[in-house]
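The block underneath contains the structure these notes are about, expressed in structure tokens.
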Amino acid sequence: MQSSVKNQLGAVRRGRGVGAAELARRVGVSRQTIYAIEAGSFVPNTEVALRLAHELEVTVDALFTLEAEGPFQRKPVKAEVLSPGAPIAGQGVQVCRVGDRLVSVPVNAAPYFLPEADGIIAKSGRKSGTAELMVFSPEEGSTKRLVLAGCDPATGLLARMVEREAGVEV
């Protein structure tokens, strides 16, 4: 019987820069189990799903969804990607709504740091600077957020002050 559970485990894992063997070790399963889950041939139990989500710092819903028909099915959304390089499938992004369009900025998964992301790049667009995103929550990108492009060293100070005083994330 074909499972109706769809998963984003492989994309999220790669986007976070975590190897299958390392994730398996942290969760307490075999590497083959991780690959079987990613391939869709094995559906993990609740405990394993919770451990995977915990280790990747996402919700279980961000990793696993039921394949459904109708308006509640999560679909990729098109967005601009502000990045000097080409968008990479599986990379985490923060999302901001600018007018009626979505703009995303890749987050850096530097060693020993798992950044907060609103979604992942599901597929790079045909044009440079565009991609299809899997946004974890429909509300993402609609919160108070400001995208600021520039290289001024004081940007970090400005961002902290604006967030503290106005509640706007820069």
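Residue numbers for the sequence shown follow the numbering used here, so the first one is 125 and each next one is one higher. By construction, the Cβ of each residue, glycine as well, lies at the ideal position given by its N, Cα and C atoms.
Just so you know, the alpha carbons of Ala203 and Val219 end up roughly 9 Å apart. DSSP places Gly216 within a strand segment (E or B) once states are collapsed to three. DSSP places Thr157 outside any beta strand (DSSP E); the residue lies instead in the alpha helix (DSSP H), whose first and last residues are Arg155 to Ala163. Where Gly243 is concerned, the enclosing beta strand (DSSP E) starts and stops at Gly243 to Ser248. Per the coordinates, the alpha-carbon of Lys247 lies some 23 Å from the alpha-carbon of Gly223. Only residues of its own chain outside the window of five on either side were considered, and among them Cys220 and Val227 have a CB closer than 6 Å to the CB of Val271, listed in chain order. If you draw a straight line from the Cα of Ala135 to the Cα of Thr279, it is about 31 Å long.
Collapsing the DSSP output to three states places Arg269 in a strand. In this structure, DSSP gives Leu174 a helical state, which the three-state scheme calls helix. Around the beta carbon of Pro168, 16 or more other beta carbons sit within 10 angstroms, so the residue counts as buried.
The beta carbons of Gly164 and Val129 sit closer together than 9 Å. Selection Ala273, Ala144, Arg269 and Gly274 evaluated against Ala290 yields Arg269 as nearest (Cα-Cα).
Note that the C-beta distance between Ile245 and Gly152 is not below 9 Å.
Boundaries of the alpha helix (DSSP H) harbouring Ala145: Ala144 to Val151, taken from the DSSP string. The beta carbon of Leu206 lies closer than 6 Å to those of Val229 in the same chain, with the five residues before and after it left out. Listed as beta-bridge partners of Leu133 by DSSP are no residues whatsoever. Rounded to the nearest whole angstrom, the CA to CA distance from Leu281 to Arg288 is 11 Å.
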